[in-house]
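**Student:**
Below is the structure:
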């Protein structure tokens, strides 16, 4: 049976899934390519090839088309040598191939000034800051969130304040963090902590509350103590949801990273991007931004893969729902295994 | 306390009543009643506050004694508090008044001496069949892991799931899940197994299989069963005695001794004693009601001649 392309809910055939995922990337790339390579779409500038008798042009300069036309009109009136040039896009919109080249040379070509970091050094610096900020906030936030979800008294003791604190924007603590923790990486880690910790507690507490109460009752009738309920029912029962919550929160951590890296001594990928923008090397700016996206995507795919390995009890469809890009259809277990003949060894 | 019939009066006659018991059945009931009482429920009442704040009496002074290795079914119209009774005995809810004694000791909260099988399976999805069954012994009896595993294997074999010991619950059919749930409850060696409409979600064929299956398990395992159901045939097929509850408030209507001899087969459901019991249950639970026969004020909405009578 042919499935309609716009079916409501449910699963898509695997080839169609892959195809649509590819299009979701190729579409924006195609748009970018068209704007970059087809001259009559946009190209509001002229790159001067021969300055001719123009008063203020220099070869290779980008000039607005109207200004270029006005100048040439003036030269023509004076019977001089006309300037020539090709239509071009502004410097802040590099074409795809230039960005791709910048991505490669970013790793192979030394930085403009020796004291500046290489692209990979900048990225690695950012990753370590994120790692520590997120690790510290998770080490405290996950257990606290689970306790809040499981124990109403802990929730009441914690959540009102957490609820208040999460509305305080993390960057607002920048100056304070520098004053307390110095100008290097510690305040940046602190900003990421502040940005993710309070969300984490609330999100994980809510995930914990969604556990099926029937499982808790079943465990109680099997003789589970409160301690066993917590460690042997609640924690394993919500661990998959917590894992997925943390994948979402890791995205938040990257958002706070850019602010955090501006605090104190600017560092990491943010410093790199700002430096390149100063040099008007927008191809490198684009390359860095895209690299952040690729790192985030790769992390997410890796975590989804890890989740399937860690939680083999998940029906494959549920694990795949989050793994939206590279999910492959694994041979699912038969949903309804045939009923065994009732035999009791007596 | 027993509201059952006086068995000494059973007359040998053809016009069957559910009170007529063959000598073998009568003798069996006499022996059953000499067994020690496992569960005793005295004047048990439960009030609820419903969503509008009104006080609802769910159970009204229930009395019941269950003897060792007896299989008692609780039946009644929906809303009669059957499940409430099960939850009270399991210790999941607290009664408003009255006493519940298990082996003479008052019931206070849930415990491993009362196993429970729910309608909604409630297997732990993150544990394999084997680990699900080991859960009870591990958390309550502090069996060493290896001993619990040995015992679990016996229970897995007993419910015929050896091939699925390392499967996860989502890989099992409904009937298989419920067998795991029974094995998991029994692995704790409970004094009484409370089953709250355990086969209600299964299709008719699987349900019949599971019923036959439960009887086999019950014969082979030292366990007393309190079985909640709304299926009359299920009650007649499974039960030694059937506790019939009235609805709103849940009161004991009658405690019926099922005169069908054991061991039972499905074919016996057609026997006169089973039919008489079933009919009596039917009358208790669904009293003959006047079906309104007035005509609905409907105009004809089909083509003339296209009649379905």
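Residue numbers (the working numbering), protein chains in the order written: chain Y, 1 to 346; chain C, 1001 to 1309. Beta carbons: idealized from backbone N, C-alpha and C, even for Gly. Here the structure is a predicted model, which is why all the values come from computation and not from measurement.
Starting from residue 1205 of chain C, follow the alpha helix (DSSP H) in both directions and report where the run begins and ends.
**Tutor:** Note, residue 1205 of chain C: alpha helix (DSSP H), 1204-1220.
**Student:** Near residue 1018 of chain C, which residues of its chain fall below 6 Å by C-beta distance, leaving aside the five closest residues on each side in sequence?
**Tutor:** Hits under 6 Å: 1276, 1277, 1280.
**Student:** Could you confirm whether any beta carbon from chain Y is found closer than 9 Å to the beta carbon of residue 1227 of chain C?
**Tutor:** No, no contact with chain Y.
**Student:** Measure the beta-carbon distance from residue 1167 of chain C to residue 1128 of chain C and round it to whole angstroms, keeping in mind my assumption that it falls under 8 Å.
**Tutor:** The Cβ separation is near 6 Å, so the contact holds.
**Student:** Could you name the residues of the same chain whose beta carbon sits closer than 6 Å to that of residue 337 of chain Y, not counting the 5 residues immediately before and after it, in chain order?
**Tutor:** Legend: pLDDT at residue 337 of chain Y = 37, less than 50; position of this residue unreliable, no value from coordinates given.
**Student:** Is there contact here, the segment 262-272 of chain Y with the segment 1155-1164 of chain C, by at least three beta-carbon pairs under 8 Å?
**Tutor:** Because the criterion of three Cβ pairs below 8 Å is not met, the segment 262-272 of chain Y and the segment 1155-1164 of chain C do not touch.
**Student:** Please confirm whether residue 1236 of chain C and residue 223 of chain Y have their CB atoms less than 9 Å apart.
**Tutor:** Contact flag unset, no.
**Student:** According to DSSP, is residue 1265 of chain C part of a helix, a strand, or is it coil?
**Tutor:** Of the three classes helix, strand and coil, the one that applies to residue 1265 of chain C here is coil, per DSSP.
**Student:** Which two residues bound the contiguous alpha helix (DSSP H) that contains residue 1301 of chain C?
**Tutor:** Neither: residue 1301 of chain C is in no alpha helix (DSSP H) and is coded neither H nor E.
**Student:** From the beta carbon of residue 1019 of chain C, is the nearest beta carbon of chain Y less than 9 Å away?
**Tutor:** It does not; no Cβ of chain Y falls within 9 Å.
**Student:** Does the distance from the CB of residue 122 of chain Y to the CB of residue 271 of chain Y come in under 9 Å?
**Tutor:** In this structure, residue 271 of chain Y lies closer than 9 Å to residue 122 of chain Y by Cβ.
**Student:** Is the number of C-beta pairs between the segment 197-216 of chain Y and the segment 245-252 of chain Y that are closer than 8 Å three or more?
**Tutor:** Yes: the two stretches touch, three or more of their Cβ pairs being nearer than 8 Å.
**Student:** At what residues does the beta strand (DSSP E) containing residue 297 of chain Y begin and finish?
**Tutor:** Not the beta strand (DSSP E): residue 297 of chain Y falls in the alpha helix (DSSP H), residues 282-310.
**Student:** In three-state DSSP terms, what is residue 1052 of chain C?
**Tutor:** Three-state DSSP puts residue 1052 of chain C in coil, outside helix and strand.
**Student:** Out of Y:311, Y:307, Y:220, which has the shortest C-alpha to C-alpha gap to residue 1113 of chain C?
**Tutor:** Of the listed residues, the one whose Cα sits closest to residue 1113 of chain C is Y:220.
**Student:** Does the CB of residue 210 of chain Y have a neighbour CB from chain C at under 9 Å?
**Tutor:** Judged by the 9 Å Cβ criterion, residue 210 of chain Y is not in contact with chain C.
**Student:** Scan the segment 1133-1151 of chain C for residues whose Cβ lies nearer than 7 Å to a Cβ of chain Y and list them as they occur along the chain.
**Tutor:** Listed by position along the chain: 1135, 1136, 1139, 1140.
**Student:** Using a C-beta cutoff of 9 Å, does residue 1185 of chain C count as contacting chain Y?
**Tutor:** At least one chain Y Cβ lies under 9 Å of residue 1185 of chain C.
**Student:** I'd like the list of long-range same chain contacts for residue 211 of chain Y, defined as Cβ closer than 7 Å, with 5 residues on each side in sequence excluded.
**Tutor:** Taken in chain order, the residues that qualify are 234, 237, 238.
**Student:** Given a limit of 7 Å on CB to CB distance, which residues of the segment 106-123 of chain Y reach chain C?
**Tutor:** So nothing in the stretch comes that close.
**Student:** Report back the beta-carbon spacing between residue 64 of chain Y and residue 44 of chain Y to the nearest angstrom; my notes put them in contact at under 8 Å.
**Tutor:** Their Cβ separation, rounded to whole angstroms, is 7 Å, which keeps residue 64 of chain Y and residue 44 of chain Y in contact under 8 Å.
**Student:** Excluding the five sequence neighbours on either side, which residues of its own chain have a C-beta within less than 7 Å of the C-beta of residue 112 of chain Y, listed in chain order?
**Tutor:** 279.
**Student:** Based on the DSSP secondary-structure assignment, which residues constitute the bridge partners of residue 19 of chain Y?
**Tutor:** Paired residue(s): none; residue 19 of chain Y is not in a bridge.
**Student:** Tell me residue 1105 of chain C's beta-bridge partners as DSSP assigns them.
**Tutor:** Answer is C:1102, bridged to residue 1105 of chain C.
**Student:** Given a cut-off of 9 Å, decide if residue 84 of chain Y and residue 48 of chain Y are closer than it, judged by their beta-carbon atoms.
**Tutor:** In this structure, residue 84 of chain Y lies closer than 9 Å to residue 48 of chain Y by Cβ.
**Student:** Per DSSP, what kind of secondary structure is residue 41 of chain Y in: helix, strand or coil?
**Tutor:** Coil.
**Student:** CB residue 174 of chain Y to CB residue 257 of chain Y, shorter than 9 Å?
**Tutor:** No, the Cβ-Cβ distance between residue 174 of chain Y and residue 257 of chain Y is not below 9 Å.
**Student:** If we count the other Cβ atoms within 10 Å of its Cβ and call it buried at 16 or more, is residue 302 of chain Y buried or exposed?
**Tutor:** Exposed, since its Cβ has fewer than 16 Cβ neighbours within 10 Å.
**Student:** Could you spell out the range, first to last residue, of the beta strand (DSSP E) harbouring residue 170 of chain Y?
**Tutor:** It is not in any beta strand (DSSP E) - residue 170 of chain Y carries neither H nor E in the DSSP assignment.
**Student:** Less than 9 Å between the C-beta atoms of residue 1088 of chain C and residue 1116 of chain C, yes or no?
**Tutor:** No.
**Student:** Please list, in chain order, all residues of the same chain as residue 242 of chain Y whose beta carbon is under 7 Å from its beta carbon, the five residues on each side excluded.
**Tutor:** Around residue 242 of chain Y: 142, 204, 207.
**Student:** What residues of chain C sit near residue 305 of chain Y, judged by a beta carbon separation below 8 Å?
**Tutor:** Result: empty, since nearest Cβ-Cβ is about 19 Å, beyond 8 Å.
**Student:** For residue 1130 of chain C and chain Y, any beta-carbon pair shorter than 9 Å?
**Tutor:** So, not an interface residue.
**Student:** For the segment 197-227 of chain Y, list every residue whose C-beta sits within 8 Å of some C-beta in chain C, in sequence order.
**Tutor:** The residues in question are 212, 214, 215, 217, 218, 219, 220, 221, 222, 223, 224, 225.
**Student:** Check whether the segment 307-314 of chain Y and the segment 1118-1134 of chain C touch, using three or more Cβ-Cβ pairs below 8 Å as the test.
**Tutor:** Yes, they touch.
**Student:** For residue 273 of chain Y and residue 293 of chain Y, I'd like the C-alpha separation in whole angstroms.
**Tutor:** Distance between the alpha carbons of residue 273 of chain Y and residue 293 of chain Y is about 14 Å.
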